[in-house]
Amino acid sequence: MGRIGTRFEKLRSRGEKALITYITAGDPSPEETARILLELQACGSDLVEIGMPFSDPTADGPVIQGASLRAIAAGVTLPGLLERISGIRSSLEIPLVLFTYYNPILAYGTQAFAKDAREAGLDGILVVDLPMEEWGELRQHTDRAGLDFITLVAPTTKRDRMKRMLAAASGFVYCISGTAVTGTRRPLLEEVRSIVGQIKLLTSLPVAVGFGISCPEEAKAVAALADGVVVGSALVEVIHGECRTARSLGPLKRRTAELKKALLSLRTQAREV
Numbered sequence: 201m202g203r204i205g206t207r208f209e210k211l212r213s214r215g216e217k218a219l220i221t222y223i224t225a226g227d228p229s230p231e232e233t234a235r236i237l238l239e240l241q242a243c244g245s246d247l248v249e250i251g252m253p254f255s256d257p258t259a260d261g262p263v264i265q266g267a268s269l270r271a272i273a274a275g276v277t278l279p280g281l282l283e284r285i286s287g288i289r290s291s292l293e294i295p296l297v298l299f300t301y302y303n304p305i306l307a308y309g310t311q312a313f314a315k316d317a318r319e320a321g322l323d324g325i326l327v328v329d330l331p332m333e334e335w336g337e338l339r340q341h342t343d344r345a346g347l348d349f350i351t352l353v354a355p356t357t358k359r360d361r362m363k364r365m366l367a368a369a370s371g372f373v374y375c376i377s378g379t380a381v382t383g384t385r386r387p388l389l390e391e392v393r394s395i396v397g398q399i400k401l402l403t404s405l406p407v408a409v410g411f412g413i414s415c416p417e418e419a420k421a422v423a424a425l426a427d428g429v430v431v432g433s434a435l436v437e438v439i440h441g442e443c444r445t446a447r448s449l450g451p452l453k454r455r456t457a458e459l460k461k462a463l464l465s466l467r468t469q470a471r472e473v
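Position one of the sequence shown corresponds to residue 201 (the numbering used here), numbered consecutively onward.
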């Protein structure tokens, strides 16, 4: 079992839910990415998704699109990102997942990418725009390298397709809370309850819900229905706005700690019941 599975097992044994945070690599600067990862770990993040900047996103909303453009302008590349991850991996215990589109991997070379990503210390990959029918070319290499292939499931995913996708999934399942791009639509709890319930019938993998979760109250409400939550745009916005104004990562640290505290309160409630 890799770091992702081990982390979820540990959380489950303690009755806790996972806080998965997302950042865009290279925003506000390539040099800051390592420090941000360390602070996220220190403030309670259980797993970090590192977004590879991409010029033509289909799933990302305006906040992450803006971060990607800034990072591209700063010179972020996939080889450079893997090098930075390799340089900090020994200081991090938490799992790291690369959140990317397929083009950067294709340009890098699928076999070389899988090898270098694993050697750099990545634990999994999530390729937003790669449909199940096209997984083979990449997965023949990432599976061999021991990288978990994180599967995205949406409310619009048909049950038969969902079943086939989940049969081949590993690490955890990323459940999209609704039909919108990141950071633009608040999750509707009944929709989340329904889709998570469908997923749970088809797999024993942990289920994390993302897209639109921005505050501790929302994180707590959604986490009560799943095994964890993903918070992305809200943190990217804090990094670009409050942190830049304060010239400090203090606002990011506070927001991360507040999110983790909200999830830990679910554990307290369960014990009281």
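For glycine and all other residues, C-beta sits at the position ideal for the given N, C-alpha and C.
### Query
Based on the DSSP secondary-structure assignment, which residues constitute the bridge partners of Gly324?
Gly324 is bridged to Val297 and Asp348.
### Task
Starting from Gly266, follow the alpha helix (DSSP H) in both directions and report where the run begins and ends.
First-last of the alpha helix (DSSP H) with Gly266: Pro262 to Ala273.
#### Entry: Rounded straight-line distance, which links the Cα of Leu425 to that of Leu269
Near 34 Å, if we compare the C-alpha coordinates of Leu425 and Leu269.
### Message
I need the straight-line Cα distance from Ala408 to Tyr374, nearest angstrom please.
### Response
Straight-line Cα distance between these residues: approximately 5 Å.
### CB-CB length for Ile325 against Ile350, believed under 8 Å
Between Ile325 and Ile350 the beta-carbon gap is near 7 Å, inside 8 Å, which marks them as a contact.
### Task
Would you tell me roughly how many angstroms separate the C-alpha atoms of Leu402 and Thr445, rounded to the nearest one?
Rounded to the nearest whole angstrom, the C-alpha separation of Leu402 and Thr445 is 46 Å.
### Task
With DSSP as the reference, label Cys443 as helix, strand or coil.
Collapsing the DSSP output to three states places Cys443 in a helix.
### Task
Would you grab the beta carbon distance between Leu452 and Ile439 for me? Rounded to a whole angstrom, and I think it's under 8 Å.
Leu452 to Ile439, Cβ: 6 Å. Contact.
### Query
Span of the beta strand (DSSP E) holding Leu425?
In the DSSP assignment, Leu425 falls outside any beta strand (DSSP E) and carries neither an H nor an E.
#### Entry: Inter-residue Cα distance where the pair is Ser448 and Glu239
Each residue's Cα considered, the two are about 11 Å apart.
### Query
Which class does Ser465 belong to by DSSP, given the choice of helix, strand or coil?
Helix at Ser465.
### Message
If I follow the unbroken alpha helix (DSSP H) through Ile305, where does it start and stop?
### Response
Note, Ile305: alpha helix (DSSP H), Tyr302 to Tyr308.
### Query
So what does Thr224 bridge to, in DSSP terms?
According to DSSP, Thr224 bridges with Gly251.
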